[in-house]
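Visitor: Going by our numbering, the sequence shown opens with residue 718, and the numbers climb by one from there.
All C-beta atoms, glycine included, are put in the ideal place defined by N, C-alpha and C.
First the structure, then my questions, so here it is.
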Amino acid sequence: MTEEPVSYPSSNKQLCVKALCLLDPDYFLGNILGYQVEPHHRAIHEHITRTKKTLDLAPRGFGKSTIGDIGYCLWKIAQNRNVRILIVSNTQGQAEAFLREIKAHLEGNTRLIELFGRFSSDKWTESELSVAGRTITSKEATLTALGASGSVITKHFDVIIADDIVDFENARTELQRKKLSEWYRTALLPTLEPHGELHVIGTRYHPNDLYQELIDSLQYSAQVERAIRDNQSLWPAKFSIEGLLQKKAELGSIIFDLQYQNNITLAKQGRIFRYEWMQFYDVPPQGIKIYQGCDLAISEKETADYFVLMTIGADLNGNIYVLDIYRERLSFKAQQEIVRLKAQQWQPVAIGIEINQYQKALAQELIRTTSLPIKELQTVKDKVARAQRRSALFENKKVYLRRDMTTLVDELCLFPDAAHDDLFDAFDFAVTVNERANIPSQVPNFTSISYGAGGGLGVY
718 MTEEPVSYPS
728 SNKQLCVKAL
738 CLLDPDYFLG
748 NILGYQVEPH
758 HRAIHEHITR
768 TKKTLDLAPR
778 GFGKSTIGDI
788 GYCLWKIAQN
798 RNVRILIVSN
808 TQGQAEAFLR
818 EIKAHLEGNT
828 RLIELFGRFS
838 SDKWTESELS
848 VAGRTITSKE
858 ATLTALGASG
868 SVITKHFDVI
878 IADDIVDFEN
888 ARTELQRKKL
898 SEWYRTALLP
908 TLEPHGELHV
918 IGTRYHPNDL
928 YQELIDSLQY
938 SAQVERAIRD
948 NQSLWPAKFS
958 IEGLLQKKAE
968 LGSIIFDLQY
978 QNNITLAKQG
988 RIFRYEWMQF
998 YDVPPQGIKI
1008 YQGCDLAISE
1018 KETADYFVLM
1028 TIGADLNGNI
1038 YVLDIYRERL
1048 SFKAQQEIVR
1058 LKAQQWQPVA
1068 IGIEINQYQK
1078 ALAQELIRTT
1088 SLPIKELQTV
1098 KDKVARAQRR
1108 SALFENKKVY
1118 LRRDMTTLVD
1128 ELCLFPDAAH
1138 DDLFDAFDFA
1148 VTVNERANIP
1158 SQVPNFTSIS
1168 YGAGGGLGVY
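This is the structure:
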């Protein structure tokens, strides 16, 4: 980052400006670093400059890292070159990205350098930098970047900035949440000096994520910002209220409330799909593209999950029509045969099959022995996270069901507490291959679709 040189005609004026920067972080952020400081940004930096142990939750994309991480670190370095700061983020790469922006200011911001002198030295790496002019000998650099769960043994810091250490991956299962919590308490916290500052900045991902644990501990001064409050945008110059409402429509209420409102109420309710979102069709439209999702079953036992093959149609407006469901407990060989028969009946563009466990063998056998358009799917999120994403389709009235698909409606409305969730999985796989389809395909133009005997609802 390079700024035009600023001339300070007298040493007295320069001293006054320097003093103002050190006393007023708002002035420093806006006039020296060149950041646009909005009221919600001011609330963040006032919070962390006045309190040693803070939690600031803010919407995605609203500048919380720029102000509460990058700007604050530069302000602390300008005050004291001997400071030892640790920046922690969800990954090592993200933490180093924050470090690079700080480095750009220290090397190229002429306003900053003219006021406070040279900072650059030869002790700068991707993960650490020590500024020139330090008067202490320390194994800790001025700034250290670390990914969550990284090793920080034997190091100690005056300031720790934990910026977006929670993400979809480390919040999605109880085990992952527990691992992050244990690392935070047993590895990260002991590195903070007794006099030190700890500032946690982030966005909600789960009702029981690490941020909830910090709130419940009552050990942190917590501040929560919401993208929309009283039907007004928190940052209208960048995010109009209309744009935010469109984003809510795209993401669905659950994810929007987590990511933009930092509100866990809907996510805690457990009912991801609502009955009032269900809508039905009598006759599907013509010319829709056909996709199938297949949830394989490992056993024929009555207590096991079902084998499910779901067929959907997608129109040019992004509407999804659930055309057919086959659901039964079958042998491995019989499952292969049903996939072949249903593909012959519907001529799908793609068939999505999960390959996380034993399913890979069946998928590869079908690929080896047929010319079916099998697409192997590696699911990386737990079902609740996947369901929250798919709920946006239902909430936005983009999914249409056959009126006799009562079992599917029941399973969705009871999710995640239904006895089985294989229908949801098959739906998710079918929609996934629809989303991933990027090559125009020749699809039959169905002039009529029959659901008579042998036509395909299967056994419920």
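Where does W900 sit, in a helix, a strand or coil, going by DSSP?
Guide: If DSSP states are grouped into helix, strand and coil, W900 belongs with the helices.
Visitor: From which residue to which residue does the beta strand (DSSP E) around G864 run?
Guide: From DSSP, the beta strand (DSSP E) with G864 extends over 860 to 864.
Visitor: Beta-carbon separation of M995 and A1143 under 9 Å?
Guide: No, the Cβ-Cβ distance between M995 and A1143 is not below 9 Å.
Visitor: When burial is assigned at 16 or more other CB atoms within 10 Å of the CB, is P756 buried or exposed?
Guide: That one is exposed.
Visitor: Of all the options I765, L746, E967, which has the alpha carbon lying nearest to the alpha carbon of L791?
Guide: Comparing Cα positions, the closest option is L746.
Visitor: Taking DSSP's pairing of strands, which residues face L951 in a bridge?
Guide: None, per the DSSP bridge assignment.
Visitor: Could you give the DSSP three-state label for Y1038: helix, strand or coil?
Guide: Note: Y1038 maps to strand in three-state DSSP.
Visitor: Once you ignore the five residues that flank S1165 on each side, which residues in its own chain have a CB closer than 7 Å to its CB?
Guide: Unreliable placement is indicated for S1165, whose pLDDT of 30 sits below 50; no coordinate value is reported for it.
Visitor: Reducing DSSP to helix, strand and coil, say where V1101 ends up.
Guide: Three-state DSSP puts V1101 in a helix.
Visitor: What did DSSP end up calling D1138 once you bin it into helix, strand or coil?
Guide: Reduced to three states, the DSSP call for D1138 is coil.
Visitor: At the level of alpha carbons, what is the spacing between H912 and F874?
Guide: Whole-angstrom Cα-Cα distance: 10 Å.
Visitor: Reducing DSSP to helix, strand and coil, say where R767 ends up.
Guide: Correct three-state label for R767: helix.
Visitor: Quick one, are the C-beta atoms of Q940 and H764 less than 9 Å apart?
Guide: Result yes, Cβ atoms of Q940 and H764 sit closer than 9 Å.
Visitor: What are the start and end residues of the alpha helix (DSSP H) that includes Y928?
Guide: Looking at the DSSP string, the run of the alpha helix (DSSP H) that includes Y928 is 927 to 934.
Visitor: Would you tell me roughly how many angstroms separate the C-alpha atoms of D947 and F956, rounded to the nearest one?
Guide: Answer to the nearest angstrom: the Cα atoms are 15 Å apart.
Visitor: Using DSSP with H/G/I as helix, E/B as strand and the rest coil, what is P911?
Guide: P911 falls in the strand class under three-state DSSP.
Visitor: Are the Cβ atoms of A1147 and G1069 separated by less than 9 Å?
Guide: In this structure, G1069 lies closer than 9 Å to A1147 by Cβ.
Visitor: Using C-beta distances below 6 Å, list every residue in its chain close to S728, excluding the 5 sequence neighbours before and after it, in chain order.
Guide: For S728, where only same-chain residues beyond five positions count, there are no Cβ hits under 6 Å.
Visitor: Under a three-way DSSP split, which group does G1030 fall into?
Guide: Correct three-state label for G1030: strand.
Visitor: Could you tell me which of K1006, Q1064, T827, K820 sits nearest to E1152, measuring between CA atoms?
Guide: Cα-wise, what sits closest to E1152 is K1006.
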